[in-house]
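S.K.: Numbering (this note's numbering), first residue to last: 2 to 638.
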Amino acid sequence: MIITKRVTMDARVRLAHASALQVALVTLFMLFTAGAGAQETWETRRAKLGSKEEPYRILVDKVLMASNEWVMTPEHVAEIKAAGFNVVVPRTGADENERVERVARMAMEQGLFYMPWIRGTRVETGDPKLRATDELGRTGSLASPNADALWDYWRDRILFYARLSREVPSVLGVFLDFENYDRVKIGGGMCYTLSYDEPILRQFAQARGLSLPDPLPANRAEWLEKQGQTKAFEEFQVGRWRERARKLRQEVDALNPRFQFVVYPATHSLFIREAVWREWHTKQAPLIMAEVDTYWRHEYDLAATLERLREIMINAREALDKVDPTIRYMAGLDPIVPGANPEFEGKSAVLGAEFGHGYWVFYEGPDYHKDHRDHFRWFKRANDCIARGDYSLWRQPAETPNPFDAAVADEARGVAGAKLVPFNTDPVPQEALEHAFIHRTAATYQVLLKQGERLRGELVALQLAHIRHPSVMAVVSPSGKLLTTLRAEIGKPVSIDLVAPEEGVYGIAVSSGRGRGQLKLTNRYASLIGSKLWLVHDQPAAYFAPEAGVERFAFSIHSDAPAEHVRVTFRSPDGTVLVDRDTREEPKVQVRGEVKATRGAWKLDLANAVEDIHIEFGEGCQPRLATHPGRLLVTAR
Numbered sequence: 002m003i004i005t006k007r008v009t010m011d012a013r014v015r016l017a018h019a020s021a022l023q024v025a026l027v028t029l030f031m032l033f034t035a036g037a038g039a040q041e042t043w044e045t046r047r048a049k050l051g052s053k054e055e056p057y058r059i060l061v062d063k064v065l066m067a068s069n070e071w072v073m074t075p076e077h078v079a080e081i082k083a084a085g086f087n088v089v090v091p092r093t094g095a096d097e098n099e100r101v102e103r104v105a106r107m108a109m110e111q112g113l114f115y116m117p118w119i120r121g122t123r124v125e126t127g128d129p130k131l132r133a134t135d136e137l138g139r140t141g142s143l144a145s146p147n148a149d150a151l152w153d154y155w156r157d158r159i160l161f162y163a164r165l166s167r168e169v170p171s172v173l174g175v176f177l178d179f180e181n182y183d184r185v186k187i188g189g190g191m192c193y194t195l196s197y198d199e200p201i202l203r204q205f206a207q208a209r210g211l212s213l214p215d216p217l218p219a220n221r222a223e224w225l226e227k228q229g230q231t232k233a234f235e236e237f238q239v240g241r242w243r244e245r246a247r248k249l250r251q252e253v254d255a256l257n258p259r260f261q262f263v264v265y266p267a268t269h270s271l272f273i274r275e276a277v278w279r280e281w282h283t284k285q286a287p288l289i290m291a292e293v294d295t296y297w298r299h300e301y302d303l304a305a306t307l308e309r310l311r312e313i314m315i316n317a318r319e320a321l322d323k324v325d326p327t328i329r330y331m332a333g334l335d336p337i338v339p340g341a342n343p344e345f346e347g348k349s350a351v352l353g354a355e356f357g358h359g360y361w362v363f364y365e366g367p368d369y370h371k372d373h374r375d376h377f378r379w380f381k382r383a384n385d386c387i388a389r390g391d392y393s394l395w396r397q398p399a400e401t402p403n404p405f406d407a408a409v410a411d412e413a414r415g416v417a418g419a420k421l422v423p424f425n426t427d428p429v430p431q432e433a434l435e436h437a438f439i440h441r442t443a444a445t446y447q448v449l450l451k452q453g454e455r456l457r458g459e460l461v462a463l464q465l466a467h468i469r470h471p472s473v474m475a476v477v478s479p480s481g482k483l484l485t486t487l488r489a490e491i492g493k494p495v496s497i498d499l500v501a502p503e504e505g506v507y508g509i510a511v512s513s514g515r516g517r518g519q520l521k522l523t524n525r526y527a528s529l530i531g532s533k534l535w536l537v538h539d540q541p542a543a544y545f546a547p548e549a550g551v552e553r554f555a556f557s558i559h560s561d562a563p564a565e566h567v568r569v570t571f572r573s574p575d576g577t578v579l580v581d582r583d584t585r586e587e588p589k590v591q592v593r594g595e596v597k598a599t600r601g602a603w604k605l606d607l608a609n610a611v612e613d614i615h616i617e618f619g620e621g622c623q624p625r626l627a628t629h630p631g632r633l634l635v636t637a638r
């Protein structure tokens, strides 16, 4: 009993000391915030956020958290604040109430706004009838936009955040991600399009007095069209979306009418255009649309890319203005995409603040212990410019090396020095040396040269519709040394003339942005290489060899049929036609061969091509093509 009293007394003393310390800390905090708050409260800061005086500078973090087992720390939040961001969004943890509140309070202590990030999609593990469904009845794993479970999830999460925002004023709202991460992308890459799931069809049929076939028709959209109900079905489904979205907004308003929705992407789906734009925007809580199309750096020239991003923002703004000019709009950045070096990210941020309400960055790609600081230095520079209202940074000449040069050199280095030999030594006619494949976006080649032999040819950039991207090429020696880089503009081919410093296989990589290009080499032994090849338009005859010792092989060819298509003809070494298909009839043509006693190269013809051709090599294949068997390189035995 005496021991118990002593423990109790000790506890009370500690509690008293702790209470005194807490009071002192709270008093200091109140004195500090009173001085600052006299000038600017959370409400005044919120009202200013998104204006030209204080554009959105939102960091969605996947880098800092990843360095600490996906747990955000006060030090992370302080680092984000020091870099000039005004809103922090942890990529994970939004489904855990304790984690949400903890980070929200950390942000409040740093004077940062906070938003949880949730997906606008949910996996439906139960009844397939409740999944997003296309007109042919096919489903992936995502719940239908009409499913109660999806809307119940949003309601549960978002109302919790809204309640928390009344207690923790740093909670600005919720960040909703509508990208389609499912393996089977019903409706495309962004959610949602109309769903033809059975429940919504039955509800519609009942509302319209229609008799729904049992079983459901093979093509549900076609059946609706025959009933003259196509437009009515869309209006019915969209109307249901809007009704439910409106109700959710009203429930949020009852808790905190200033609670805001940020939605990604800005424009890309029917659900976003018809429900989000019209129901989640209010005068007190403006909707904030987060762009995705400004992620990409397709052009070699940085200034050309930034000008294209400016046009994207202007066009998106015009589309939003037709619905409500007070809807807010931000540029989107993502350092993981090709060509997105720190300078591109920083300059894109400034551009976003000039032509929109700010920017957001999906911060992935950099390593916290390697190149993260390079990115944050550019973000700090950009954010300082934005804070001053100085938008000139994005118009200034490039200061750092072009990342495409390093990327194309790395691609070439990856195939240089391989142990390859000629498939055969048969004579090669001159016309076969003059033929060349036409690639889309990029291509990689292996060329066998003797020491002192001249590498000769021409690098070509070809216009594709409105796309006028240059072709950039790197040549790497067998020992891995970068020998040269060349750049060809549209209509201005560049000659190639280089003396081989050593014998062996040289790697050549070509990047043509989003456009098309050609590498014309007059050297005998030259092969296009890649487990996945992307070609465009008609091609010369292509020759292929399977792996040595295999009994069979397989590869596939597909196009975006029916709009884009190609005639595929595949012949065995003795000339027997094994495949003769058009991708309009069979969007993905499967090519299979059995290796018999007959020796020689297998021939692939790709004719009558409309736009893109995708080749994917599978088991038993050596992933190389050449314009003649005598130019083909194969793995040395």
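Ideal placement from N, C-alpha and C gives every residue a C-beta, glycine not left out.
(1) By Cβ distance, which residues of its chain are closer than 7 angstroms to G505, with the 5 residues on each side in sequence left out?
(2) Going straight from the alpha carbon of V64 to that of E365, what length do you get?
(3) Please classify T134: does DSSP put it in a helix, a strand, or coil?
(4) With distances taken from CA atoms, which of A48, E44, M107 is nearest V72?
(5) Answer with buried or exposed for Q251, where buried requires no fewer than 16 other C-beta atoms within 10 angstroms of its C-beta.
(6) How is D372 classed by DSSP in three states: helix, strand or coil?
(7) Work out the CA separation of I328 and F571 for me, nearest whole Å.
(8) Under the DSSP definition of a beta bridge, which residues are partnered with E275?
(9) Taking DSSP's pairing of strands, which residues face F176 in a bridge?
(10) Tell me the DSSP secondary structure of P423 in three-state form.
(11) Classify Q238 as helix, strand or coil using the three-state DSSP reduction.
(12) Among L217, A598, H358, whose alpha-carbon lies nearest the alpha-carbon of P326?
(13) For E344 and W535, what's the separation of their Cα atoms in angstroms?
(14) Could you tell me the distance, in whole angstroms, from the CA atom of L213 to the CA atom of N147?
(15) Specify, as a first and last residue, the run of the alpha helix (DSSP H) that P471 falls within.
(16) Tell me whether S513 is buried or exposed, calling it buried when 16 or more other Cβ atoms sit within 10 Å of its Cβ.
(17) N342 to P494, Cα distance in whole Å?
(18) Would L682 pass as a contact of W297 if the rule is Cβ separation under 7 angstroms?
(19) Please report the residue range of the beta strand (DSSP E) in which L334 lies.
(20) Could you pull the start and end residues of the beta strand (DSSP E) that M314 belongs to?
(21) Please say whether E503 and Q452 have beta carbons closer to each other than 7 angstroms?
(22) Quick test of the definition: if touching needs 3 or more C-beta pairs under 8 angstroms, does the segment 116 to 131 touch the segment 76 to 86?
(23) First and last residue of the beta strand (DSSP E) that includes L522?
(24) Touching or not, the segment 363 to 378 and the segment 51 to 64, by the rule of three or more beta carbon pairs under 8 angstroms?
(25) Do Y507 and A627 have their C-beta atoms within less than 7 angstroms of each other?
(26) Measuring alpha carbon to alpha carbon, tell me which of Y57, L483, L499 ends up nearest E459.
(27) Distance, Cα to Cα, V351 vs T268?
(28) Going by DSSP in three states, I289 sits in which element: helix, strand or coil?
(29) CA-CA distance, R374 and R100?
(30) Rounded to whole angstroms, what is the Cα-Cα separation between A37 and V239?
(31) If you drop the 5 nearest sequence neighbours on each side, which residues of the same chain put their C-beta closer than 6 angstroms to that of L522?
(32) Spell out the partners DSSP gives C622 in its beta bridges.
(33) Which residue wins for smallest C-alpha separation from T45, given the options R164, V578, L421, G112?
(34) For the alpha helix (DSSP H) that I201 lies in, which residues bound it at each end?
(35) So what's A388 in DSSP terms, helix, strand or just coil?
(36) If you drop the 5 nearest sequence neighbours on each side, which residues of the same chain put their C-beta closer than 6 angstroms to that of L225?
M.R.: Put simply:
(1) G418, P479
(2) Separation of V64 and E365 (C-alpha to C-alpha, rounded to the nearest whole angstrom) is 6 angstroms.
(3) strand
(4) M107
(5) exposed
(6) coil
(7) A straight-line Cα-Cα distance of about 54 angstroms links F571 and I328.
(8) Per DSSP, none; premise fails for E275.
(9) W118, V263
(10) strand
(11) helix
(12) H358
(13) 29 angstroms
(14) 18 angstroms
(15) Element bounds for P471: n/a, residue is neither H nor E.
(16) buried
(17) 28 angstroms
(18) Any property of residue 682 remains undetermined from this structure, which presents the chain solely from 2 to 638.
(19) 329 to 334
(20) Following the DSSP letters along the chain, one finds M314 in no beta strand (DSSP E) but inside the alpha helix (DSSP H) bounded by residues 303 to 324.
(21) yes
(22) no
(23) 505 to 522
(24) yes
(25) no
(26) When each option's Cα is compared against that of E459, the closest is L499.
(27) 21 angstroms
(28) strand
(29) So the alpha carbons of these two residues sit roughly 26 angstroms apart.
(30) With a pLDDT of only 43 at A37, under 50, the local geometry of the prediction cannot be trusted, and the value read off the model is given with reservation. The straight-line gap from Cα to Cα measures roughly 47 angstroms.
(31) So the qualifying residues of the chain are G458.
(32) P547.
(33) G112
(34) Bounds of the alpha helix (DSSP H) holding I201 are 199 to 209.
(35) helix
(36) T231, F234
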